[in-house]
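At position 41 of the sequence shown the residue is numbered 40 (numbering that gives the first Met the number 0), and the sequence of numbers has no breaks. The beta-carbon is built from N, C-alpha and C at its ideal position, and this holds for glycine as well.
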Amino acid sequence: MSITKLDQIYEGKAKKVFATSDPSFYIVEYKDDATAFNGLKHGTITGKGIINNKMSNLMFQLLEKNGVKTHYVEQLNDRETVVRAVKIVPLEIIIRNTAAGSFSKRYGVEEGRELLRPTLEFSLKDDALNDPLINDSHIIALGVATEQELDAIRTMAYRVNDVLREFFAGIGVKLVDFKIEAGRLPDGTIILADEISPDTCRFWDAKTNEKLDKDRFRRDMGGVEEAYQEMFRRITGQKGNV
Ligand code: TMP
Ligand code: ASP
Numbered sequence: 000m001s002i003t004k005l006d007q008i009y010e011g012k013a014k015k016v017f018a019t020s021d022p023s024f025y026i027v028e029y030k031d032d033a034t035a036f037n038g039l040k041h042g043t044i045t046g047k048g049i050i051n052n053k054m055s056n057l058m059f060q061l062l063e064k065n066g067v068k069t070h071y072v073e074q075l076n077d078r079e080t081v082v083r084a085v086k087i088v089p090l091e092i093i094i095r096n097t098a099a100g101s102f103s104k105r106y107g108v109e110e111g112r113e114l115l116r117p118t119l120e121f122s123l124k125d126d127a128l129n130d131p132l133i134n135d136s137h138i139i140a141l142g143v144a145t146e147q148e149l150d151a152i153r154t155m156a157y158r159v160n161d162v163l164r165e166f167f168a169g170i171g172v173k174l175v176d177f178k179i180e181a182g183r184l185p186d187g188t189i190i191l192a193d194e195i196s197p198d199t200c201r202f203w204d205a206k207t208n209e210k211l212d213k214d215r216f217r218r219d220m221g222g223v224e225e226a227y228q229e230m231f232r233r234i235t236g237q238k239g240n241v
């Protein structure tokens, strides 16, 4: 693909986004920076950017094969990928299969309890407000997304869960919960954007419940790099220390 990387247009906690010579595409660059608790905790997870880039791209390709439209276009190198230029809908879209994290805290439910059905919740992406939970009626009333867009987002999120849950079960990993983001193409179509990685999902070993995700960093459990490498190894059958 012959596009040129132009100015940086955004820097998030884990990625940078660059404009390109073609307005239909951006280039994302994955960093090793890790934060938690809305940036209160900072660190580096060596090699994370490479693993999250490659893993997200594999997940996006799997999802495309299963009928989910994503922003993925082409991986350029270890840390950079061409994606379709979208406007991100400012929502964290969270699906849970098993109680954990903020859900367990909020409802007083022990971590690890299987939910009777997958749940979907939204947080407003707004660091200044600490990403508050938001419901469908608030989303529509505030113009964050339309009713039609919410329908598309819901359908997409449950489809992503079905595909990923089955895939991870096949490599001995329980998909506890995950966060995705949606983007709008210029014609208004909603597609899957952002990333799918141990930063944005909870992965537990299916047999031992060992945590193989960013909770090891959030909770100071040690073995953070090793967990990312183990996930990458299981997904690709390769060594994770790429
Ligand atoms: P939570 O239990 O802390 O609400 O997290 C639910 C899921 O969302 C979990 O898989 C981690 C992911 N997540 C993010 O990707 N970004 C965030 O800022 C937070 C708080 C959670
Ligand atoms: N990425 C989020 C932040 O810094 C939090 C998290 O993943 O727990 O704040």
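Check, Outcome
"For residue 124 and residue 149, believed in contact at Cβ under 8 Å, the rounded distance", "About 15 Å separates the two Cβ atoms, so there is no contact after all."
"Residue 152 beta carbon less than 8 Å from that of residue 92", "yes"
"Assigned exposure category for residue 70 - 16 Cβ within 10 Å defines buried", "buried"
"Anticipated Cβ contact below 8 Å, residue 144 with residue 88, distance rounded", "5 Å"
"Which listed residue (9, 14, 19) has its alpha carbon closest to that of residue 0", "19"
"Validate contact between the region 28–37 and the region 160–171 using beta carbons, cut 8 Å, 3 pairs", "no"
"For residue 40, the first and last residue of its enclosing beta strand (DSSP E)", "40–43"
"Sheet register partners of residue 193 (DSSP bridge)", "Paired residues: none, contrary to the question."
"Pair within 8 Å by beta-carbon distance, residue 179 and residue 159", "yes"
"Alpha-carbon to alpha-carbon, residue 188 and residue 22", "17 Å"
"Spatial distance of residue 132 from residue 36 (CA atoms)", "15 Å"
"Proximity test, residue 216 beta-carbon vs ligand 1 heavy atom, cut-off 7 Å", "no"
"Beta-carbon separation (whole angstroms), residue 97 vs residue 114, contact threshold 8 Å", "6 Å"
"For residue 232 and residue 79, the rounded distance between their alpha carbons", "20 Å"
"Residue from 198, 175, 235 with nearest C-alpha to residue 288", "It is not possible to answer for residue 288, since the shown part of the chain is limited to 0 through 241."
"Supposed contact pair residue 164 and residue 174 - C-beta distance, whole angstroms, cut 8 Å", "5 Å"
"Inter-residue spacing [alpha-carbon to alpha-carbon] between residue 57 and residue 193", "13 Å"
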